[in-house]
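*Asks:* Take a look at the following structure, please.
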Amino acid sequence: MNQHRESWGSKFGFIIAAAGSAVGLGNIWKFPYITGENGGGLFVLIYLVCIAVVGIPIMMAEIVIGRSTQKSPVGAFTVLTGKKSSWKIVGWMGVFVGFIILSYYSVVAGWALNYTFMSLTNFFSGKSPEEIGSVFGLLYTSSGINIFWHAIFMLMTIGVVLGGVKGGIERWNKILMPALIVIFVILAIMSVFLSGWREAVDFVFLPHIDRLKASGVLEALGHAFFTLSLGMGAMLTYGSYLQKDTDIVKSSIWISVLDTLVALLACMVMFPIIFTYGFSPEAGPGLVFKTLPIIFSQIGTGGMFISFIFFVLLVFAALSSAVSLLEVVTSYFIDEKSWTRHKATLITGGIIFLFGIPSALSGAGTLFPQWESMYGKNFFDTFDYLASNWMLPLGGLFISIYVGWVMDPKLRQSEYLTGSAITNTWYYEAWLIFLKFVAPVSVILIILQRVGLLDIDRLLGAIF
Ligand code: PHE
């Protein structure tokens, strides 16, 4: 094992840190708004299926690679397949995607920082729901404020990665993750009393075939990868800090269940507000910031405090995910280029900050004003789309093919079962089937649909 390679303090520490990577803006910011854009119920159902049949098996595969090699993605494929092997490209792709995702992720986390700050100034007091909602538009189109908070968030991320993973991230996650869940449960209970609650339950849980667009299926799959931090080696890297006594099967299931729970809770907090106040579920990236302050404003004096706590937790949820993104990029330079952690973190973090600037300016349109008319989406949305809908599923496809078809079967089986209480190899066989067939076939089908070689709409129409 490399000297600088830390390991987690405990099995629980790993689960909580990996859950910290998984639970982030993807659950609270992104999932509700893409659910809204894709018509609700059926999208949620497809997403859940993707988590179960594609996400969980690939998470196990990533952790198997990471723990068996004790290396970050590029190094892991070098150990397993040799120095000249093209499998290393999968590792490089992961580093590249981590770079891209963090660049715009930090901008959104910056919005959360901004709302934390605004909570302190009690910005919503005396305002109508419409006025509160419109504050987001102001933020979105303000260049300077976006860059300012993006810079602060990148500095926080760099700070944590500089300090290492175990003492910082593991310890903080143990406090913050439970706090996040508790506050969400409280908010979800409050939402039950809103008049739009029934409509929200209907929207989120009842599958309406006519409301889903075909593109939604790819988006659900892409989001399953994004939300579980899969397809770019984050779980692989976290798995590389693991000792052999951890149960990979149980941990992966726990991480995924926690992640899904937070995503569904987020919907059950936000959609009742949306339907009660007549907002559009298709409000896009501003959804969480437009809706939640409304419920906070109605609590009265305690509202400001709850709002502050909520956005602080949102920042921390984002931070624990951002750290895993930066860790993948940084650990490449530490492991493969022998840079010090200090140098690797500062340089990669700095470049990612710079690359995030056009995303921070996307709303204002001050940089690349023609981008949207040229490519159909603004700079921010373009990279979010490319990373989560294409790069992560492709990365996941390669990882499932590698572990399912190429990896030494003996090593694979012993790594999967080591540390696990499972004595029955039935689980292992089932996992292999998912990894060899179900996961790669699903990703390939959905990609064929995207490039126009297949019509899933007609296929789904025939089934339902
Ligand atoms: N899973 C994180 C979220 O839901 C984002 C993320 C993606 C983190 C990929 C690491 C790797 O917010």
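In the numbering used here, the protein residues as written are 23 to 486. Cβ atoms here follow ideal geometry from the backbone N, Cα and C, with glycine treated the same way.
In whole angstroms, what is the alpha-carbon distance linking L336 and I369?
*Replies:* Position 314 of the sequence shown, counted from the start, is the residue given in the question as residue 336. Position 347 of the sequence shown, counted from the start, is the residue given in the question as residue 369. Their backbone Cα atoms lie some 26 angstroms apart in a straight line.
*Asks:* From V351 to I154, what distance separates their C-alpha atoms?
*Replies:* Against the sequence shown, residue 351 aligns to sequence position 329. Against the sequence shown, residue 154 aligns to sequence position 132. One C-alpha to the other measures close to 38 angstroms.
*Asks:* CB-CB under 8 angstroms to H364, same chain, minus the five flanking residues each way: which ones, in chain order?
*Replies:* Walking along the sequence shown from the start, residue 364 turns up at place 342. Here the set comprises L184.
*Asks:* Could you check which residue in V428, L142 and P303 has the C-alpha nearest to that of Y55?
*Replies:* The residue given as residue 55 occupies position 33 in the sequence shown. Checking every option, the nearest Cα to that of Y55 belongs to P303.
*Asks:* Just to confirm, does S251 get its C-beta within under 7 angstroms of one of the non-hydrogen atoms of ligand 1?
*Replies:* In the sequence shown, counting from the first residue as 1, residue 251 sits at position 229. The answer is yes for S251.
*Asks:* Pop quiz: S128 and M82 are said to be a contact at Cβ under 8 angstroms. What is the actual Cβ separation, rounded to whole angstroms?
*Replies:* If you number the sequence shown from 1, residue 128 lands on position 106. If you number the sequence shown from 1, residue 82 lands on position 60. Not really, about 29 angstroms apart at Cβ, beyond 8 angstroms.
*Asks:* So D406 is in the alpha helix (DSSP H); what residue range does that whole segment cover?
*Replies:* As a first step, residue 406 is located in the sequence shown; it is residue number 384 there, counting from the start. DSSP places D406 in the uninterrupted alpha helix (DSSP H) bounded by F401 to Y407.
*Asks:* Could you name the residues of the same chain whose beta carbon sits closer than 7 angstroms to that of F402, not counting the 5 residues immediately before and after it, in chain order?
*Replies:* Here residue 402 is taken as the residue at index 380 of the sequence shown, counted from 1. Contacts found: Y126, V129, S381 and S384.
*Asks:* If I measure Cβ to Cβ from G218 and keep anything under 6 angstroms in the same chain, skipping five residues before and after, which residues do I get?
*Replies:* Taking the sequence shown and counting its residues from 1, the one referred to as residue 218 is at position 196. Around G218: P294, F297 and T298.
*Asks:* Please state if the CB of H172 and the CB of G378 are separated by a distance shorter than 8 angstroms.
*Replies:* Here residue 378 is taken as the residue at index 356 of the sequence shown, counted from 1. Here residue 172 is taken as the residue at index 150 of the sequence shown, counted from 1. It is a contact, given that the beta carbons lie within the stated cut-off.
*Asks:* Taking C-beta to C-beta, are S251 and S346 nearer than 8 angstroms?
*Replies:* Taking the first residue of the sequence shown as 1, we reach residue 251 at position 229. Taking the first residue of the sequence shown as 1, we reach residue 346 at position 324. In this structure, S346 lies closer than 8 angstroms to S251 by Cβ.
*Asks:* On the DSSP letters alone, give me the boundaries of the alpha helix (DSSP H) that A44 sits inside.
*Replies:* Your numbering for residue 44 matches position 22 in the sequence shown. Boundaries of the alpha helix (DSSP H) harbouring A44: K33 to A44, taken from the DSSP string.
*Asks:* Could you tell me how far apart the beta carbons of V117 and Y354 are, in whole angstroms, since I believe they sit closer than 8 angstroms?
*Replies:* In the sequence shown, residue 117 corresponds to position 95, counting from 1. In the sequence shown, residue 354 corresponds to position 332, counting from 1. Correct: roughly 5 angstroms between the Cβ atoms.
*Asks:* According to DSSP, simplified to helix, strand and coil, what is D269?
*Replies:* Your numbering for residue 269 matches position 247 in the sequence shown. Note: D269 maps to coil in three-state DSSP.
*Asks:* Hey, out of K105, P315 and V86, whose CA is closest to E152's CA?
*Replies:* Here residue 152 refers to the residue found at position 130 when the sequence shown is read from its first residue. Selected option, being the one with the closest Cα: P315.
*Asks:* If we ignore side chains and look at the alpha-carbon of each, how far apart do L419 and S141 end up?
*Replies:* Position 397 of the sequence shown, counted from the first residue, corresponds to residue 419. Position 119 of the sequence shown, counted from the first residue, corresponds to residue 141. C-alpha separation (whole angstroms): 42 angstroms.
*Asks:* May I ask you to check if the CB of M199 is nearer than 7 angstroms to at least one heavy atom of ligand 1?
*Replies:* Walking along the sequence shown from the start, residue 199 turns up at place 177. No.
*Asks:* Mind checking whether A40 and Y397 have CB atoms under 8 angstroms apart?
*Replies:* Against the sequence shown, residue 40 aligns to sequence position 18. Against the sequence shown, residue 397 aligns to sequence position 375. No, Cβ-Cβ distance for A40 and Y397 is not below 8 angstroms.
*Asks:* Quick check on the burial criterion: 16 or more other C-beta atoms within 10 angstroms. Buried or exposed for D357?
*Replies:* Stepping through the sequence shown from its first residue, residue 357 is reached at position 335. D357 should be labelled buried.
*Asks:* Given this structure, state the Cα-to-Cα distance separating F311 from F327, to the nearest angstrom.
*Replies:* For the purposes of this step, residue 311 is taken as the residue at position 289 of the sequence shown. For the purposes of this step, residue 327 is taken as the residue at position 305 of the sequence shown. Each residue's Cα considered, the two are about 16 angstroms apart.
*Asks:* Which runs of the alpha helix (DSSP H) fall wholly inside the stretch 242-326 and span at least 4 residues, in chain order?
*Replies:* 256-261, 270-298 and 309-320
*Asks:* Could you tell me the alpha carbon to alpha carbon distance between Y438 and I485, rounded to whole angstroms?
*Replies:* Residue mapping note: residue 438 aligns to position 416 of the sequence shown, counting from 1. Residue mapping note: residue 485 aligns to position 463 of the sequence shown, counting from 1. For Y438 and I485, the distance between alpha carbons rounds to 35 angstroms.
*Asks:* Could you name the residues of the same chain whose beta carbon sits closer than 8 angstroms to that of P79, not counting the 5 residues immediately before and after it, in chain order?
*Replies:* For this step, residue 79 is matched to residue 57 along the sequence shown. Contacts found: S422, W453, F456, L457, V460 and A461.
*Asks:* What number of angstroms, rounded off, separates the C-alpha of T163 from the C-alpha of T388?
*Replies:* Residue 163 sits at position 141 when you count from the first residue of the sequence shown. Residue 388 sits at position 366 when you count from the first residue of the sequence shown. Taking the straight line joining both Cα atoms gives about 9 angstroms.
*Asks:* By Cβ distance, which residues of its chain are closer than 7 angstroms to V101, with the 5 residues on each side in sequence left out?
*Replies:* Against the sequence shown, residue 101 aligns to sequence position 79. Same-chain partners within the cutoff: T91 and K93.
*Asks:* Using a threshold of 8 angstroms, state whether the C-beta atoms of S108 and V271 are closer than that.
*Replies:* The count along the sequence shown starts at 1 and reaches residue 108 at position 86. The count along the sequence shown starts at 1 and reaches residue 271 at position 249. No, these two residues do not count as a Cβ contact at 8 angstroms.
*Asks:* Does the count of Cβ pairs from the stretch 265-279 and the stretch 131-150 closer than 8 angstroms reach three?
*Replies:* no
*Asks:* Using only the alpha-carbon positions, how far apart do G244 and R193 sit?
*Replies:* Residue numbering aside, residue 244 sits at position 222 when the sequence shown is read from its first letter. Residue numbering aside, residue 193 sits at position 171 when the sequence shown is read from its first letter. Straight-line Cα distance between these residues: approximately 30 angstroms.
*Asks:* Mind checking S395: buried by the 16 CB within 10 Å criterion, or exposed?
*Replies:* In the sequence shown, counting from the first residue as 1, residue 395 sits at position 373. Flag for S395 reads exposed.
*Asks:* Please look up how many angstroms separate the CB atoms of G88 and L198, rounded, as I've assumed it's under 8 angstroms.
*Replies:* On the sequence shown, residue 88 is found 66 positions in, with the first residue counted as 1. On the sequence shown, residue 198 is found 176 positions in, with the first residue counted as 1. 24 angstroms between Cβ atoms; not a contact.
*Asks:* Where does F248 land, buried or exposed, given buried means 16+ other C-beta within 10 angstroms?
*Replies:* Against the sequence shown, residue 248 aligns to sequence position 226. Buried.
*Asks:* Whole angstroms is fine: what's the gap from L470's alpha carbon to L67's?
*Replies:* Position 448 of the sequence shown holds residue 470. Position 45 of the sequence shown holds residue 67. Cα-Cα distance, rounded: 21 angstroms.
*Asks:* Please determine whether the Cβ atom of N136 lies at a distance below 7 angstroms from any heavy atom of ligand 1.
*Replies:* Here residue 136 corresponds to residue number 114 of the sequence shown, with the count starting at 1. Result no, Cβ not under 7 angstroms from ligand 1.
*Asks:* Checking 8 angstroms against the spacing of the C-beta atoms, do F36 and L264 come in under that value?
*Replies:* For the purposes of this step, residue 36 is identified with residue 14 of the sequence shown, where counting begins at 1. For the purposes of this step, residue 264 is identified with residue 242 of the sequence shown, where counting begins at 1. Yes, they are a contact pair.
*Asks:* Measuring CA to CA, which of I373, H230, I331 and I208 is closest to G120?
*Replies:* To locate residue 120, count along the sequence shown from 1; it is residue 98. For the residues I373, H230, I331 and I208, the minimum Cα distance to G120 belongs to I373.
*Asks:* Whole alpha helix (DSSP H) runs in the stretch 334-398 with 4 or more residues, listed along the chain?
*Replies:* 363-382 and 393-397
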